[in-house]
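The structure under discussion appears below in the form of structure tokens.
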Amino acid sequence: MKYKYGGYIRKSSEAKEKQALSIASQKEAIKNKFPDFDIVWFEESRSAFEPNNRPEFVRMLNMALNDELHGIIAWHPDRLSRNEKEAGDITYSIRKNLIKDLKFVSYTFENTPDGIKHLQNSLSDSQYYSSKLGVDVKRGLGDKLTMGRMPCLAPVGYFNTKLATRGENKIMEDLERFPLVRKMWDLLLTGNYSVPQVRDIATNEWGLLTPKKKKVGGGKIGYTSAYGMFTNMFYTGYFMYKGKMYKGDHKPMITMAEFDRVQTLLKEHGKPRAKTHEFAYGCGTFTCGECNRSFVGIEKIKFIKSTKETKVYVFYLCGHKKSVVYCSQKYNINETKVEEQIEAEIQKYTIDSDFLNWTLEVMKDNNVLETVTEKDVKENILKTIETKQEELKKLIQMATKGFVSDEEFRESRTELDKTINNLKTQLNEVEGDKNENLMELTEKAFYYSTYALIALKNGDKRTRKEIIKSLGMNREIKDKIVNIKAFEWYFHIQKAYSSLREQLAGTEPEIRCEQRSISDFSTLRSLLRSLRDMKQFARLRFLYLRILRRIRPQETRP
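Note that full-length UniProt numbering has the sequence shown beginning at 1, numbered continuously upward.
This is the structure in structure tokens:
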């Protein structure tokens, strides 16, 4: 007669590849050691650290208590339990003869007082090991966070190192994918591409694939993963872990300002949806000045009998829903009328090419950028950092005295940490040598002001949409009137343009740059200082770069 035993096989769901034996190996070892028993198998992959977490273990224990099983077999006592409650249930059932027998492959048990004592010690050691391991892991995790190492899988563009010494691994930039992912951010920063469009360009045109791992990877980035990538703060050099922000020791891909800009763009793209037809000024380019809904385009085709010609008319109207909010803007506006008003708006900030060429020559020949001091900017940032740090100290004191709740403290602490880290990033950028970047950025601004109107008249639909979005963030149509609140840097150029032309009026073209120093033109120097100090101007540099590539004439490039 063969005795019926319950063969319990468990592989923890935690750190699966670090187990001594797999489920198949445990099963084979039990069969070889106890070939004469009729074994009913109970298999599961769950942690035994917490009680009542293993349904198969509970089912096996109940069968043994109901005399359906003669005993239980396992690889080692730590397979049966790693917590006090279930360890006590096992030893109590053995001592009271409720479970008749226990057998192990790598451990010898005798159902005697000494045997039960040794079993209790073995189960207690297992529980102690699990508890100590948890404490060690938390301590090591805290050290890792303090060193700026995110304890997670690196996002696309980075990779986790595989060093032999545990705890020494870092997250490094993936030299193959890092520049491609940076280009994806650049595209999204223009404001003219949705996340799916950026993802399609990166995978289909650039050949971007995810890193190949043991069982996954090596394929195209999914759309959901792409959205997750553009909302991941890790790319700024910081990362969030359990509600707290940490400064990472990895190389940043973007600035915090660029990250915030993308989050704003993602909210914009979440409202309008692509339609069957592509319109130059529809799909989120303009909103209704009354109900704030997006203006949509409508295409109408009319056949002229007298001339036997077909004409296409494009109109724009408010896309409001009557059931949601009332809006009186029920009439439409012709695309031609929209363009006339846009051209008039751009004309306000347009400068002529002669002035452009002179400005660029003066800046280069006289090294004008060296006259733009960084002292005021640095002092302002440092003063703000000190203020925020004082606020943080007061917050900690209030929390210590119990004046604020834990939840209020966490929220306020996270917000202050983010603000301070953002300010420190700005300070590092200011302290660096930014003359070359400022030169490029200033050139883009002046080129844009010179040729934007030409690009609007001669460009395709996408170019025209890019031109409009670069004018300002608030673009409305109400009562057939186009209203665009232009970015601040346009007003700096507009204000300086007339003043500078007066200063140049008495200067011959051939001696403008040779005999006059930049110190003679205080207005230009003030303009450059204003442009550099504006976050708004810097955030949109990628949008300007893309537009300038389309509209900058070859013969006017310096």
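Using N, Cα and C, we set each Cβ at its ideal position, and we do this for glycine too.
Here Y8 is not near G71, since their CB atoms are 8 Å or more apart.
Residue pairing from DSSP places M240 in a beta bridge opposite M245.
Rounded to the nearest angstrom, the Cβ distance from P77 to F104 is 6 Å, consistent with a contact under 8 Å. Counting the other Cβ atoms within 10 Å of the Cβ of Q26 gives 16 or more, which makes it buried. If you check the CB distance, I254 and W185 come in under 8 Å. Secondary structure in the UniProt domain "Recombinase" (155 to 272): the alpha helix (DSSP H) runs of 4 residues or longer, each lying completely within the stretch, are 178 to 189, 195 to 200, 223 to 230, 256 to 269 in chain order. Non-local C-beta neighbours of R293 in its own chain, meaning closer than 6 Å and more than five positions away in sequence, comprise C318, G319, H320, ordered along the chain.
According to the DSSP secondary-structure assignment, L65 is paired through a beta bridge with no residue. Between the region 73 to 87 and the region 42 to 58 there are three or more inter-stretch CB-CB distances shorter than 8 Å, so the stretches are counted as touching.
By the criterion of a C-beta distance shorter than 8 Å, P211 is surrounded in its chain by V156, F159, D174, R177, G217, G218, once the five residues flanking it on both sides are discounted.
Taking a C-beta distance under 8 Å as the contact criterion, T419 and K388 qualify as a contact pair. Close CB contacts of V338 within its chain, under the 7 Å cut and outside five residues either way in sequence, are with Y281, Y316, V482 (chain order). With a cutoff of 8 Å on beta-carbon distance, L189 and V262 are scored as near each other. Partner residues in the beta bridge of T310, as assigned by DSSP, are F303. Restricting attention to M233, Y235, T203, E343, the CA atom closest to the CA of I221 is found in T203. Around T336, the same chain offers no residue with a beta carbon nearer than 8 Å, after the five sequence neighbours per side are excluded. In the DSSP assignment, N474 falls within the beta strand (DSSP E) that extends over 474 to 478. With 16 or more other Cβ atoms inside 10 Å of its own Cβ, R199 counts as buried.
Taking a C-beta distance under 8 Å as the contact criterion, M150 and I171 qualify as a contact pair. Taking the CA atoms as reference points, I381 sits about 21 Å from Y246.
Annotation for Y92: the continuous alpha helix (DSSP H) segment containing it runs 84 to 95. Runs of beta strand (DSSP E) with 3 or more residues, each lying fully within the region 93 to 125, are found at 102 to 104, listed in chain order. With a cut-off of 8 Å on Cβ pairs, the region 219 to 238 is not in contact with the region 403 to 416, counting fewer than three such pairs.
DSSP, read as helix, strand or coil, puts Y447 in helix. Bounds of the beta strand (DSSP E) holding K485 are 481 to 485.
In this structure, L471 lies near I484, with their beta-carbon atoms less than 8 Å apart. Comparing C-alpha distances from I385 to each of K348, Q426, E361 shows the shortest one belongs to Q426. Sequence-distant Cβ neighbours of Q494 in its own chain, meaning closer than 7 Å and more than five residues away, are K348, Y349. For K424, the CB contacts under 8 Å within the same chain, skipping 5 residues up- and downstream, are I385 in chain order.
Within the same chain, V195, P196, R199 come within 8 Å of Y223 by CB-CB distance, once the 5 residues on both sides are set aside. With fewer than 16 other Cβ atoms from the protein chains shown falling within 10 Å of its own Cβ, F403 counts as exposed. K2 is the residue among K2, S306, K457, T450 whose C-alpha sits nearest the C-alpha of D36. Membership of E290 in any alpha helix (DSSP H) is not indicated, and neither H nor E is assigned to it by DSSP. Within the model, the alpha-carbon separation for H492 versus K478 is close to 27 Å. Comparing alpha-carbon positions, the option among E68, N62, L180 lying closest to D38 turns out to be E68.
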